[in-house]
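Colleague: Residue numbers (mature numbering (1 follows the signal peptide of the UniProt record, and there is no 0)): -25 to -1, 1 to 612. All residues carry an ideal CB built from backbone N, CA and C; glycine is no exception. Quantities reported herein were computed from a predicted structural model and do not represent experimental measurements.
1. Kindly indicate the opening and closing residues of the alpha helix (DSSP H) around residue 351.
2. Note down, in chain order, each residue of its chain lying with its Cβ closer than 8 Å to the Cβ of residue 20, except the 5 sequence neighbours on either side.
3. So, with DSSP's three-state summary, where would you put residue 27?
4. Compute the Euclidean distance between the alpha carbons of residue 417 and residue 430, then round it to the nearest angstrom.
5. Can you round the beta-carbon distance between residue 483 and residue 336 to whole angstroms, since I take them to be within the 8 Å contact cut?
6. With a threshold of 16 other CB atoms inside 10 Å of the CB of residue 120, please say whether the residue is buried or exposed.
7. Where do the ends of the beta strand (DSSP E) carrying residue 417 lie?
8. Going along the chain, which residues of its own chain have a beta-carbon closer than 7 Å to the beta-carbon of residue 114, five neighbours each way excluded?
9. Quick one: using the 10 Å Cβ neighbour count with 16 as the cut-off for buried, is residue 598 buried or exposed?
10. For residue 401, name the three-state secondary structure that DSSP assigns.
11. Closest to residue 485 by CA distance: which of 334, 607 and 350 is it?
12. Report all residues from its chain with a CB closer than 6 Å to the CB of residue 471; omit the five preceding and five following residues, and keep chain order.
13. Which same chain residues end up closer than 7 Å to residue 465 when comparing Cβ atoms and leaving out the 5 residues on each side of it in sequence?
14. Using beta-carbon positions only, say whether residue 61 and residue 384 come within less than 7 Å of one another.
15. Give me whichever residues DSSP pairs with residue 135 in a beta bridge.
16. Look at the alpha carbon of residue 10 and the alpha carbon of residue 277, and state the distance between them as a whole number of angstroms.
17. Alpha carbon to alpha carbon, how far is residue 604 from residue 588?
18. Anyone know if the C-beta pair for residue 186 and residue 205 falls short of 7 Å?
19. Here's a check: name, in chain order, each residue in its chain whose Cβ is nearer than 6 Å to the Cβ of residue 2, leaving out the five neighbours to either side.
20. Looking at the unbroken alpha helix (DSSP H) that takes in residue 622, where does it start and where does it end?
21. Beta-carbon separation of residue 565 and residue 340 under 7 Å?
22. Thinking C-alpha only, which one of 306, 292, 517 and 261 is nearest residue 46?
23. Which of the three DSSP states, helix, strand or coil, is assigned to residue 602?
24. Do residue 613 and residue 609 have their C-beta atoms within less than 7 Å of each other?
25. With a CB to CB cut of under 8 Å and the five nearest residues on each side skipped, what residues in its chain are close to residue 156?
26. In or out: residue 64 buried (at least 16 other Cβ within 10 Å) or exposed?
27. Is it the case that the CB of residue 278 approaches a heavy atom of the ligand MN more closely than 6 Å?
28. Determine the DSSP secondary structure at residue 309, reduced to helix, strand or coil.
29. Please report how far the alpha carbon of residue 244 lies from the alpha carbon of residue 569, in whole angstroms.
30. Quick check on residue 424: does DSSP put it in helix, strand or coil?
31. For the alpha helix (DSSP H) containing residue 102, name the first residue and the last one.
32. What is the residue span of the beta strand (DSSP E) that residue 464 lies within?
33. I'd like to know if the segment 376 to 390 and the segment 288 to 297 are in contact, where contact means that at least 3 CB-CB pairs between them fall below 8 Å.
34. Where do the N-terminal and C-terminal ends of the alpha helix (DSSP H) with residue 164 fall, by residue?
35. If you drop the 5 nearest sequence neighbours on each side, which residues of the same chain put their C-beta closer than 7 Å to that of residue 100?
36. Please state whether DSSP places residue 233 in a helix, a strand or coil.
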């Protein structure tokens, strides 16, 4: 059973491109009652909140538009069924009370909270869940990851019983109960689809506002109009905010006069039983980090994008009301301009929050010389992770001990792995030189050669992630100093994800492809199955095992992974099994974990306090539905 205990949030932010957009100004009275969040992508010209589909592709040369839910829709209006406590690994009920699996783990029963209403006073119930899931099941053109994942998880097909279409994958049992019937047992079904742990949570929509179903002469249901073509300009939700206005400069959400959660005991770390204090929430697209910094310093922005260390220090120096993850809230300084006060504390590793995507060096195991596991081990031995954290990220992060994101719920697994296979902080040049000699390399004029050919390390780099630039430069410096001809191949975000990574068109790449696990280890480990490499040889497209690791060690790794897959998420046997599987990663080195990924997310405390911090907990990335927790904690200064 997945229980309710305390609220915490887990969210993840993958790197997003910035785009130029016009700003806006407001009088100080409005600003003091509202909270402004930054959007790093432009808004689409069309007002459409059909979250199942992305906005149309922009003209060539322009960045992708923001998704139809991240401009406040699923942070203010639509609420999650559950939120994830990343310290305990438990799902905490929000719109739902609980979700439980049967003994075989191929059926999951969801129980909704009673008394919830949409903003138009219609009841929120099991019919809404059924209808939303059916939209994902019946329309395979829906592009949202959550829809495709749900479609692949549930039993396909339907039948007609007593003149009514019955779907094999989902069943309603009364007003508050829904049963999900899976194609195969999955202990992680609830976490994957409703936890928002990594890539999002399946959002439930109001049945009475979306297209309805019709039945053809063969008894098959379809939606009219097709869900993929549905334009939803006037959305509603169950949350405490509703849409006030939308244009390409900003999206404004105003606080409702009533909300179902008022007076409810939701439990948890804090109990949002009242309407949140901000009267309005605003999502504003900004051009770049500098445009963001200008507004933040001038108290016209409350929550900004992730900043580089240098930009954050400059912003905090100009306005000490700006805080990072570990900063205490400064004393209140009245006035509309930048705050004045004592010099901020020195930067340390606590300044940045670690996001759930460990930075690592991806390796194409099919490309010489990296097809030799000894050479992959050489790369790992030559890297000083401590210096990479200190120089590459300004001391705002820590070296990675394993492939995993380090959070409370992952501690037993990480400790089990690190006991025998933990990565060293510093380089081991002597052992690397021994292996290089064993493979047949020798140094000439400071560069390793074999058969008169220099040892070259060509590293593909995504140029849309400026916070990684110094780290990549430091990595190049370390490998070059060790005797490798190191070349950085900078590519666009579109080419990195659209061409090089999925097809395996790289030798080495600076990336984060172990992303996935937040409170359990299986999700990240499952990305390196041998079967994936066999099904997707070089040139085919996949985002799992892109380095095509398919050795005997990978087969043994996958066999142990299958044992883990069958166990409940919190089973006591999992840490030891993970260590058993990790032995093969340690031996074969199919990729090289480097550092925990730091994110310096600045907040302005001039008007609002209660932001997530090292002292109070929470997660500072406000792009997911878990931002509801952040908003409920904000207090007016």
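Modeller: With the given structure in hand:
1. 348 to 357
2. 223
3. coil
4. 10 Å
5. 6 Å
6. exposed
7. 417 to 419
8. 198, 201, 202 and 203
9. buried
10. coil
11. 334
12. 437
13. 436 and 438
14. yes
15. 140
16. 6 Å
17. 13 Å
18. yes
19. Bear in mind that a pLDDT of 47 at residue 2, under 50, signals an unreliable position, so the number given afterwards is only what the model happens to contain. Same-chain partners within the cutoff: there are none.
20. Past the boundaries of the shown model lies residue 622; the chain is included only from -25 to 612, so the question cannot be answered.
21. yes
22. 261
23. helix
24. Coverage of the chain is limited to positions -25 through 612, which leaves residue 613 absent and any answer about it impossible.
25. 81, 82, 129, 130, 143, 144, 145 and 146
26. buried
27. Judged by which ligands are present, the structure shown has none, so any question about the ligand MN falls away.
28. With a pLDDT of 41 at residue 309, under the threshold of 50, the modelled position of that residue is not reliable, and no figure is offered here.
29. Only weak support exists for where residue 244 lies, its pLDDT of 48 falling under 50; the value from the coordinates is given anyway. Rounded to whole angstroms, residue 244 to residue 569 spans 33 Å at the Cα level.
30. strand
31. 101 to 113
32. 460 to 466
33. no
34. 164 to 169
35. 87, 150 and 151
36. coil
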